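Report on one structure; see the data block that follows.
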Amino acid sequence: MYPRDCELPTSSNAAEFAWQKDDVFGRIAGRYDRLCDLFSLGIHRRWKRRVAQVIAGEPWVTLLDGATGTGDILLRVLPSVRGQQRTVIASDISPSMLAIARQRLAAQRGTVELRQLDAERMPTIASGSVDAYSISLGLKICDRGLAMREAWRVLKPGGRLIVLEASNIPWAPLHKAYLSYMSLCMPLLGWLATGGDASAYKYLLQGIRDFPTAEALAQELREQGFDSVAFERLSLGVVAIHTARKPLA
Ligand SMILES: C[S@@+](CC[C@H](N)C(=O)[O-])C[C@H]1O[C@@H](n2cnc3c(N)ncnc32)[C@H](O)[C@@H]1O
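The opening residue of the sequence shown carries number 0 in numbering that gives the first Met the number 0; numbering runs sequentially from there.
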């Protein structure tokens with residue numbers, strides 16, 4: 000089914016997060032959107048606007064958004080495809096995050112289907128059944144090798160993959176300064192905002208630090224068999240949007 004055996008290490012989970020062991024997203028679901036504003040100083044809104052534009056610009060009828068969280072990306076995608084015959088599956092492992100997504104996407108009923116799914120294994124999604132698969136700020140907190148294999152499996156030949164994720168500022172000294180700033184500020188902000196729930200920022204910080212560079216992620220996607228791999232850095236490279244295609248043949 001896959002073009003070749005994946006060449007990634009057996010575990011490629013940058014944050015070493017396992018939803019089975021820590022329901023952190025369940026605990027912070029109600030505060031998640033405010034935490035995003037706090038941790039990124041509001042800049043995540045710009046990243047999400049851009050990735051939504053990229054998703055909406057791809058030719059799809061069926062879109063699966065993995066690790067959809069509170070539906071923040073889809074809320075920005077759906078207005079661009081209103082009135083068109085589209086099917087959107089919003090999936091996440093956390094029922095609490097999905098409950099918020101359900102409320103926020105209520106006006107889109109009929110277009111959006113919500114499903115509790117582990118991005119690493121989605122047995123209820125048929126192979127070769129979706130035209131586009133997107134995952135935003137979720138790849139660093141799951142085993143990306145497994146998640147990308149699942150993306151490959153569920154995509155139709157010619158289907159598109161869109162990934163928004165933490166990345167690297169190409170000028171190394173600036174990247175180092177950014178990581179130092181995050182290491183100093185995030186625990187303090189996180190501690191204050193979550194009332195001392197250390198998990199929320201611990202995973203985020205480790206995921207940012209250990210996620211591959213934009214070039215390395217592009218190479219991993221090629222090794223998984225995707226073609227037309229490209230990336231766009233945002234905010235100097237703090238995050239990047241990768242796009243790729245499952246080959247037609
Ligand atoms: C940082 S949030 C991103 C949410 C949303 N995509 C956004 O950009 O706002 C990460 C989400 O990934 C979900 N998640 C974590 N591990 C997962 C897994 N293995 N499969 C599916 N979702 C997962 C969490 O429940 C959480 O909602």
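For each residue, glycine too, the CB sits at the ideal point set by N, CA and C. Just so we're clear, the structure is a prediction, and the values are computed from it rather than from any experiment.
Residue 236 places its beta carbon 8 Å or farther from that of residue 135. Going by beta carbons, residue 89 and residue 117 fall outside the 8 Å limit. Residue 177 and residue 208 have their alpha carbons spaced roughly 10 Å apart.
Of the other Cβ atoms in all chains shown, fewer than 16 fall within 10 Å of the Cβ of residue 41; this residue is therefore exposed.
By the Cβ criterion, the stretch 195-214 is in contact with the stretch 12-28, since at least three pairs of Cβ atoms, one from each stretch, lie closer than 8 Å.
Contact between the stretch 157-164 and the stretch 88-108 is absent, with fewer than three C-beta pairs closer than 8 Å.
Residue 105 and residue 76 do not touch by the CB rule: their CB atoms are close to 16 Å apart, not below 8 Å. As the crow flies, the alpha-carbon of residue 213 is around 8 Å from that of residue 241.
Using a 10 angstroms sphere on the CB of residue 67, the tally of other CB atoms reaches 16 or more, which defines it as buried. Checking the 7 Å criterion, the Cβ of residue 36 is out of range of every heavy atom belonging to ligand 1. In this structure, residue 164 has its beta carbon at no less than 7 Å from each heavy atom of ligand 1. Every unbroken stretch of the beta strand (DSSP E) spanning 3 or more residues and falling wholly within the stretch 15-89 is given here in chain order: 61-65.
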